[in-house]
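Everything on this sheet refers to the single structure shown next.
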Amino acid sequence: MLLGKKRKLGRMIDEINPGEKVRLSEKIEDKDLLLFLGLTDDNNPLFIQHDYASLTPYKKPIVPQIMLTGMVTGAVSKIMPGPGSSILSQTLQFPKPVHHYSEIHFLLTVRDVDKNERTVTIDVTAEDDQGDMVIKGQLVVSPPYPPEPVTSSTFDNF
0 MLLGKKRKLG RMIDEINPGE KVRLSEKIED KDLLLFLGLT DDNNPLFIQH DYASLTPYKK
60 PIVPQIMLTG MVTGAVSKIM PGPGSSILSQ TLQFPKPVHH YSEIHFLLTV RDVDKNERTV
120 TIDVTAEDDQ GDMVIKGQLV VSPPYPPEPV TSSTFDNF
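Numbering (numbering that gives the first Met the number 0), first residue to last: 0 to 157.
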């Protein structure tokens, strides 16, 4: 449990610059799909049933788009700007499906830093193993706030 433990925060608004890039790759494994589908209680046959998917234009089961969205939001929480960040808005498109066992290569690029609004706009793209664009979009993120000192409200009750 993380209660009472200090965690390193991500980068503050003053530490982020337009043009910065982060690249990462994620492999889609059966265990990840099954955990996600179990957690969301999603039983869409297109995501898990090979016999059904083979009768569709997709030919093979595909990865749920919201699971891919989770990988994007995870990159924001872990890397750019990092822990303490909050996504204020997102617009994502999924031009091609992602099939099971694919490796997805993400690129997050800082488009704009608005210090007055305390927001960072991040462009997101992702490609599969064949170089096909599978995600394209943009996020508006609030980077972590510096924590207030523990003593900042010590005398509020006096």
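Glycine included, each C-beta is placed from N, C-alpha and C at the ideal position.
The structure displayed is predicted, hence computed values, not measured ones.
What do you reckon, is the C-beta of residue i under 7 Å from a heavy atom of the ligand ZN?
{"i": "S88", "result": "The ligand ZN is not part of the structure shown, which contains no ligands of any sort."}
Relative to the C-alpha of residue i, which residue among the options is closest?
{"i": "L106", "options": "L36, K20, L8, D13", "result": "K20"}
{"i": "V133", "options": "K114, I103, I78", "result": "I103"}
{"i": "V119", "options": "N42, D127, S88", "result": "S88"}
{"i": "L23", "options": "N115, T39, V123", "result": "V123"}
{"i": "G130", "options": "P17, P82, P94", "result": "P94"}
{"i": "K7", "options": "K77, E116, P17", "result": "K77"}
{"i": "P17", "options": "V109, L138, K135, G136", "result": "V109"}
{"i": "L138", "options": "S101, N43, L91, N115", "result": "L91"}
{"i": "V71", "options": "E147, V140, N42", "result": "V140"}
{"i": "D13", "options": "E147, D111, K135", "result": "D111"}
Once you ignore the five residues that flank residue i on each side, which residues in its own chain have a CB closer than 6 Å to its CB?
{"i": "F35", "result": "M66"}
Does DSSP classify residue i as helix, strand or coil?
{"i": "L38", "result": "helix"}
{"i": "H49", "result": "helix"}
{"i": "V75", "result": "helix"}
{"i": "I65", "result": "helix"}
{"i": "K20", "result": "strand"}
{"i": "D128", "result": "coil"}
{"i": "K30", "result": "helix"}
Taking 8 Å as the limit between beta carbons, can you name the residues of its chain near residue i, skipping five residues before and five after?
{"i": "F46", "result": "L32, L36, P60, I61, V62, P63"}
Among residues of its own chain, excluding the 5 on either side of residue i, which ones have a beta-carbon nearer than 7 Å to its beta-carbon?
{"i": "M11", "result": "P142, P143, P145"}
{"i": "Y100", "result": "I27"}
Measuring straight from C-alpha to C-alpha, what distance separates residue i and residue j?
{"i": "H98", "j": "D128", "result": "10 Å"}
{"i": "S53", "j": "P96", "result": "14 Å"}
{"i": "G69", "j": "E126", "result": "16 Å"}
{"i": "I15", "j": "P80", "result": "8 Å"}
{"i": "D113", "j": "E25", "result": "30 Å"}
{"i": "I121", "j": "P44", "result": "33 Å"}
{"i": "S85", "j": "K58", "result": "37 Å"}
{"i": "E116", "j": "P56", "result": "44 Å"}
{"i": "D40", "j": "G73", "result": "21 Å"}
{"i": "D29", "j": "G9", "result": "30 Å"}
If you follow the beta strand (DSSP E) that residue i is in, where does it begin and where does it stop?
{"i": "G136", "result": "132 to 141"}
{"i": "K59", "result": "Element bounds for K59: n/a, residue is neither H nor E."}
{"i": "I12", "result": "From DSSP, I12 is part of no beta strand (DSSP E); its letter is neither H nor E."}
{"i": "S159", "result": "No answer is possible for residue 159: it lies beyond the span of the chain, which begins at 0 and ends at 157."}
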